[in-house]
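Reviewing the structure listed below.
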Amino acid sequence: MATTTDPAPVRPARVRGPAQDVAGLGIGRALGFVAPALLLIGAFLVFPAVWTIYIGITNYRLTGVEAVSPSIVGLSNYTKALNDALFHNALWLTLLFVLGSAIIGQNILGFALAWTMRRARPAVRRTVEGLVLLAWILPSTVVAYLWVAFFDRDTGTLNSILGEQGTAWLIEYPMVCLVLFNTWRGTAFSMMLYSSALQAVPPSQLESARMVGASGWQTLRDVVFPHIRGHVLTNTLLISLWTANDFSPFLLTKGGPNHESETVPVYIYNVALQGGELGYSSAISFLLLIANLLVALLYLRLLRRRA
Amino acid sequence: MRRISRLTPPALLSAAALVLLTGCLGASDDAGDQDANRNADATKVELTLGSNSVKGGKNSAGATFTQDVLIPKFVEAQKAKGVDVTVKFQGDGSDDEVYKQKLSLDLSNKSGPDLINIDGIWVGEFAQAGYIKPLTDTVGDAAKVDDWDGWKQIPESVQQLGVFEGKRYGVPGGTDGRVLYFNKKLFQQAGLPADWQPKSWDEIIQAGQQLKKLSGVTPIQINAGTAMGEATSMQGVLPLLVGTGATINTDGKWLGDSPQVRQVLEFYKQIYSTGLGDPVLQREAKGRDKSFAEFAANKIGILLEGDYFWRSVVEPKEGVAKMADRDAVVGYAQIPAVKAGAGIKGQDFVSMSGGGAVAINPNTKFPQQAWELLQFMNSAEMVEAGLNGAAKITQRSDVNAKVLAGDPMLNFVASEVLRNTQYRPGLAEYPKVSAALQQATADVVGGKSVEDAAKAYQTAVEAAAGSKDKVSSN
């Protein structure tokens, strides 16, 4: 219908230039170009998300009667989550994990490394970067098992360094172990990001700060930080989201002992696959997604305010 | 035009998602009854046998026997009948919970092995989900299943492992019993008798206190906590509970916060808050395996375990924590009731038993041939061959009579312990109730009061049972 009142330009494909928009290509051809991406996004992103939301309002289970004939139970999975002490526990632990290992640990250590390496000789710098990056490159399962071995009560490196046998670190201080593990693993990424960010700080400004006798802290706060503020926000957003969704706590502690290190992703796994409650776990997954979106929005708002 | 073009992609996307969604919803419909005689006359047959065992790993002996003896013999027997059979063994070496997830996922997609080994307590859940069907449905022709001569050799109580709501879903593969193991070396050092047989829980505690005087020794190991999973229920809470005279499910009601549950938790408290047991071990992910290793290294005095411990853990040649001097060092005693006569049915001694069953996947292409394989597996000849000289309590009385005589420990279980034993209820809620029991012991070992742990347990059982009416808390 639209074509009769709005005649298409003759042979539009031949026309080149920046002014040529999608509509000019013709809707069919435009769709043709984006179809593969749309299909992939639809199949692997939109559909699972919609499906999860749907499952989240049913009592679908892996075994038992509800496996064959799940019924819609409305929002009862969500009200259950509100009253579920173990879910609250998981939320709290996830927050601790993100705060401790990402926002504080990886950020500060990563920045410190980048700052120290800034004026190191290239050979030293490359070696340090290479070593730190190793932690980032190794598969998380490998890293997790290294840390399990490190913390082991009887044969662990930590106990033999301390010369004291008998502390089961992963049992007695599971969250501390997880924060250390994730800090170590993710610091490389922050360091690389901050290394490149620091190159954007004009040397002349650093020089003048030095000349007026600014302390190291003053230089950082008044000269360096304003230049890398965007990087800090972006980095914090990325690593917070990764950490909140990270499943590797499972590899170290399985969420134990007694739920003491059960972050939300691990809780979702335990509910879904150990308990077979697919409906309830889908509802929690959706809650986690919403929480992630809120965090992302908050950071975007902060970034925009700066711009 | 422009407005339409902007709206089209999301609209198409939603439509696509909707199509996929409804497609998947439709897929959960039941395929309906299938012809039990499908492919009955096929001359080329393929079967898969799934089991949570793997050569060189979990239940290695079983996997080795199945692959090296059972399958070739079956293939040979079928060849004589002019049928070309290929049997694939689909082994697994995971934790039981993980194996169960994998199976459930397979079966919910109407795939999975043709013959499946499952734990007796899953039968109810799997049956309710329609993942397995009564043998008479899958194989058809009721008479053929019920007339199998093997049933006569399998005691009624053992058959229950494969039964749900009065129907046979699978053929059981043997049973077991639980005892208190003790280390005679340590007992001697502590001045305790080599023929120890406690008659009450107090006597276990007393022995523990004697053992506590030895350095580097954990006196008592009774599984607790969630990390050990079902091992906590089977080798801990449930045998103790029947020792107080209660069962976890009586007349369709689950046992909630009750004097008996508190009594059991009190016993745990007594062990784990006074240094008689190692609370850290109960919280480790591989705690049970570690406890095995410690027992084998003469570091644990008393340990509650099934006969599996004797034949697969401390077994001198093949065990996972071999004890070359097992027969001389490892003693065993019946588990006493809280005090003489206080156990279930007025018993002095108690035990719990479990076991698995093999069921036929209702979606198999070859139901008749699968049933033939199942009968073949459970023939006296194959059951005996499967033991490969070792002693084990099998499902078949005729085989037991023959093979158990040579092993005093297993003979003890078969003749004394099984007389006093109980089975877990094969109900769909059981795994959740069991998890609640594990949590209650975890709470107590972690320092909570018995009262708080029991109250939390009550809440969990009510949630598991679905309503307060299904829980008794006298």
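Chains as they are written, first to last, in the numbering used here: chain L, 196 to 502; chain P, 4 to 477. We put the CB at the ideal spot given by N, CA and C, even for glycine.
Per DSSP, which one or two residues make a beta bridge with residue i?
{"i": "P116 of chain P", "result": "Beta-bridge pairing links P116 of chain P to no other residue."}
{"i": "N252 of chain P", "result": "P:W257"}
{"i": "T253 of chain L", "result": "L:I267"}
{"i": "S385 of chain L", "result": "None; S385 of chain L has no bridge partner."}
{"i": "E49 of chain P", "result": "P:T89"}
{"i": "Y184 of chain P", "result": "P:L306 and P:Y335"}
{"i": "M355 of chain P", "result": "P:Q425"}
{"i": "P175 of chain P", "result": "P:A360"}
{"i": "K170 of chain P", "result": "P:F167"}
{"i": "D122 of chain P", "result": "P:G359"}
{"i": "S54 of chain P", "result": "P:G94"}
Strictly below 7 Å CB to CB, what residues from chain L border residue i?
{"i": "A468 of chain P", "result": "Near A468 of chain P there are no residues of chain L at all, since even the closest Cβ is about 13 Å away, more than 7 Å."}
{"i": "T277 of chain P", "result": "Under the 7 Å cutoff, chain L gives no residues; its nearest Cβ is about 18 Å from T277 of chain P."}
{"i": "A1 of chain P", "result": "Because chain P here runs from 4 to 477, residue 1 of chain P falls outside it and cannot be looked at."}
{"i": "A431 of chain P", "result": "G259"}
{"i": "G478 of chain P", "result": "With chain P represented from 4 up to 477, any question about residue 478 of chain P goes unanswered, as that position is not in the structure."}
Residues of chain L with CB under 8 Å from residue i, in chain order?
{"i": "Q104 of chain P", "result": "L257, L468, Q469 and G471"}
{"i": "S566 of chain P", "result": "This structure gives no information on residue 566 of chain P, because the portion of chain P shown stretches from 4 to 477."}
{"i": "S111 of chain P", "result": "L257 and A262"}
Whose Cβ in chain L lies nearer than 9 Å to the Cβ of residue i?
{"i": "A300 of chain P", "result": "The premise fails here: A300 of chain P is roughly 11 Å from chain L at the closest Cβ pair, so nothing lies under 9 Å."}
Quick one: list the residues of chain P neighbouring residue i, beta-carbon separation under 8 Å, in chain order.
{"i": "I366 of chain L", "result": "V283, R286 and E287"}
Just to make sure I have the definition right: I need the residues of chain P whose C-beta is within less than 9 Å of the C-beta of residue i. Which are they?
{"i": "T448 of chain L", "result": "A288"}
Say yes only if the C-beta of residue i is nearer than 7 Å to one or more non-hydrogen atoms of the ligand ADP, and no if none qualify.
{"i": "Y134 of chain P", "result": "This structure lacks the ligand ADP, and indeed carries no ligand of any kind."}
Please list the partners that residue i has in chain P, where partner means a Cβ-to-Cβ separation under 7 Å.
{"i": "A363 of chain L", "result": "V283 and E287"}
Worksheet item: What are the complete beta strand (DSSP E) segments, minimum 3 residues, inside the segment 414–477 of chain P?
Response: 424–426
message = To be precise: take each residue of the segment 284–298 of chain P, compare its Cβ to all Cβ atoms of chain L, and keep it if any distance is under 7 Å. Which residues remain?
response = R286, E287 and A288
Give the residues from the segment 121–145 of chain P that approach chain L closer than 9 Å (Cβ to any Cβ), ordered along the chain.
W125, G127, E128, F129, Q131, A132, G133 and Y134
key: Interfacial residues, the segment 90–103 of chain P to chain L, with Cβ spacing under 7 Å   = E100
Of the residues that make up the segment 189–206 of chain P, which ones have a beta carbon closer than 8 Å to any beta carbon in chain C?
As a matter of chain content, chain C is missing from the structure shown, whose protein chains are L and P.
Requested in this report: Return the chain-ordered ranges of every alpha helix (DSSP H) run that is complete within the segment 321–346 of chain L and spans a minimum of 4 residues.
Outcome: 335–346
Report the residues of the segment 216–246 of chain P with a CB closer than 8 Å to any CB of chain L, ordered along the chain. G228, T229 and A230
- Query: Three or more beta-carbon pairs under 8 Å between the segment 199–208 of chain P and the segment 161–179 of chain P, yes or no?
  - Reply: no
### Query
For the segment 280–307 of chain L, which residues have a beta carbon sitting closer than 7 Å to at least one beta carbon of chain P?
none
Open item on the list: I'd like the ranges of any alpha helix (DSSP H) spanning at least 4 consecutive residues and lying wholly in the segment 383–438 of chain L.
Closed with: 398–406
Determine, using beta-carbon pairs with one atom in the segment 437–450 of chain L and one in the segment 222–229 of chain L, whether at least three such pairs fall under 8 Å. no
Any contact of the segment 394–413 of chain L with the segment 323–333 of chain L, i.e. 3+ C-beta pairs under 8 Å? no
- Task: Mind listing, in chain order, the continuous beta strand (DSSP E) runs of no fewer than 3 residues lying wholly within the segment 199–227 of chain P?
- Result: 221–224
On the three-pair Cβ rule with 8 Å, is the segment 252–266 of chain P touching the segment 318–328 of chain P?
-> no
If contact is defined by three or more beta carbon pairs under 8 Å, each pair taking one atom from either stretch, is the segment 304–319 of chain P in contact with the segment 210–230 of chain P? yes
| field | At least 3 beta-carbon pairs within less than 8 Å: the segment 415–429 of chain P vs the segment 184–195 of chain P | value | no
Practice task
Would you check if the segment 122–135 of chain P and the segment 246–263 of chain L touch, i.e. whether three or more CB-CB distances between them fall below 8 Å?
Solution key: yes
Q: Say whether the segment 81–89 of chain P touches the segment 111–131 of chain P, bearing in mind that this needs 3 or more beta-carbon pairs closer than 8 Å, one atom from each stretch.
A: no
- Which runs of the alpha helix (DSSP H) fall wholly inside the segment 265–298 of chain P and span at least 4 residues, in chain order? none
Decide if the segment 282–301 of chain P is in contact with the segment 381–397 of chain P; the criterion is three or more beta carbon pairs, one per stretch, under 8 Å apart. no
Subject >> Cβ contact check for the segment 444–451 of chain P and the segment 269–285 of chain P: 3 or more pairs under 8 Å >> reply: yes
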